[in-house]
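Scroll down for the structure; my scribbles are underneath it.
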Amino acid sequence: MNGELHILGCGSALPTFQNSPACQVLELCDKSFMIDCGEGSQIWFRRMALKTARLYNVFISHLHGDHCFGLIGLISTFGMMGRTQPLHIYAPADLERLLQPWLDYHCEGMSYELIFHVINPRKSEVIYEDRTVSVTTIPLKHKVPTCGFLFTEHHRDTEPIKRYAYCSDTYYTERIVPVIEGVQTLYHEATYIEKYADRCRSTMHSTATEAATIAQKANVGQLIIGHYSARVDDHTEFLIEAKAVFDNTIMAEECHTYTI
Ligand SMILES: [Zn+2]
Ligand SMILES: [Zn+2]
Numbered sequence: 034m035n036g037e038l039h040i041l042g043c044g045s046a047l048p049t050f051q052n053s054p055a056c057q058v059l060e061l062c063d064k065s066f067m068i069d070c071g072e073g074s075q076i077w078f079r080r081m082a083l084k085t086a087r088l089y090n091v092f093i094s095h096l097h098g099d100h101c102f103g104l105i106g107l108i109s110t111f112g113m114m115g116r117t118q119p120l121h122i123y124a125p126a127d128l129e130r131l132l133q134p135w136l137d138y139h140c141e142g143m144s145y146e147l148i149f150h151v152i153n154p155r156k157s158e159v160i161y162e163d164r165t166v167s168v169t170t171i172p173l174k175h176k177v178p179t180c181g182f183l184f185t186e187h188h189r190d191t192e193p194i195k196r197y198a199y200c201s202d203t204y205y206t207e208r209i210v211p212v213i214e215g216v217q218t219l220y221h222e223a224t225y226i227e228k229y230a231d232r233c234r235s236t237m238h239s240t241a242t243e244a245a246t247i248a249q250k251a252n253v254g255q256l257i258i259g260h261y262s263a264r265v266d267d268h269t270e271f272l273i274e275a276k277a278v279f280d281n282t283i284m285a286e287e288c289h290t291y292t293i
């Protein structure tokens, strides 16, 4: 499929029965791109019947556990399944060093090659490019070095090219607006509602209102919100606050697929 976004996890750091931690798979130009890989992502990957053979590239926004604790399980399972295609992982510098002892212990003699690419979350640059798609980093503002990712198709006959921006996790920052200007779909974290604005600031996240404000300022086509705090039981509260600012907002849900 082309131009589809599968949500595998749209919760945040504290596990809940309602949500899994961050993970999504973007299908663009007949390729699959995994974005973040929270704990349990491989379960949703199989439940949604996504194809491992199309997945060559995983992009990790930052090294908080809710965005990368699922990687070692995914890597190990791919090995047990006899995968032979290489898997490229794009992540901040420390990831390979942190994973290496686990890889040495659990994944010795694996049937496929893992290739780490170090990204610099402090500047916007192209980190992936093939004939049909490129991926550009979007520097974000968070407690640890963090970047989002902008996926851009190169060509599309008659129709406008598709652009999809992923921004999680981040303090409110208008610095990203020029980078994501006019994308058809923006996924922006909305960890808190206004009631928890103080906590939102101290943990360097965004509220639903702030996510919608960024969507409005960047003149995007649609906004998908996620990365919900465990403190909010009723997720429609996120949607109501976001829609008050930017009407074309969708609330992400696990196991759902959205057209970007
Ligand atoms: Zn997070
Ligand atoms: Zn984080």
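Counting in the numbering used here, the sequence shown runs from 34 upward without gaps. We put the CB at the ideal spot given by N, CA and C, even for glycine.
Are there 16 or more other CB atoms within 10 angstroms of the CB of M67, so buried, or fewer, so exposed? buried
Count Cβ pairs between the segment 53-62 and the segment 142-150 that sit closer than 8 Å; are there 3 or more? no
When the Cα atoms are used, what is the spatial distance from S157 to L128? 20 Å
Here's a check: name, in chain order, each residue in its chain whose Cβ is nearer than 8 Å to the Cβ of F50, leaving out the five neighbours to either side. none
My assumption, with CB atoms under 8 Å, is that K250 sits in contact with V210. Please give the rounded CB distance. 5 Å
Range covered by the alpha helix (DSSP H) that runs through R80: Boundaries of the alpha helix (DSSP H) around R80: S74 to R80.
Using DSSP's beta-bridge definition, name the partner residues of Q118. Bridge partners of Q118: none, in fact.
I'd like to confirm the pairing. Which residues does DSSP put opposite L88 in its beta bridges? DSSP lists S65 as the bridge partner or partners of L88.
Is H175 near ligand 2, judged by its Cβ being under 7 Å from some heavy atom? Correct: H175 has its Cβ closer than 7 Å to ligand 2.
What span of residues does the alpha helix (DSSP H) with R234 cover, start to end? A230 to S235
For a test of your reading of the model: does the CB of S45 fall under 7 Å from any non-hydrogen atom of ligand 1? Yes or no. yes
Assign S201 to one of three DSSP states: helix, strand, or coil. coil
N153 versus C200 - alpha carbon distance: 15 Å
Along the chain, where does the beta strand (DSSP E) containing P172 start, and where does it finish? V166 to P172
Name, in chain order, the residues that DSSP records as bridge partners for E60. E37 and S65
Contact set for P172: own chain, Cβ-Cβ below 7 Å, skip 5 residues either direction: Answer for P172: P154, R155, K156, S157 and C180, listed in chain order.
Residue list, Cβ distance to ligand 2 heavy atoms smaller than 5 Å: H97 and D202
What residue range does the alpha helix (DSSP H) around G106 cover? L104 to M113
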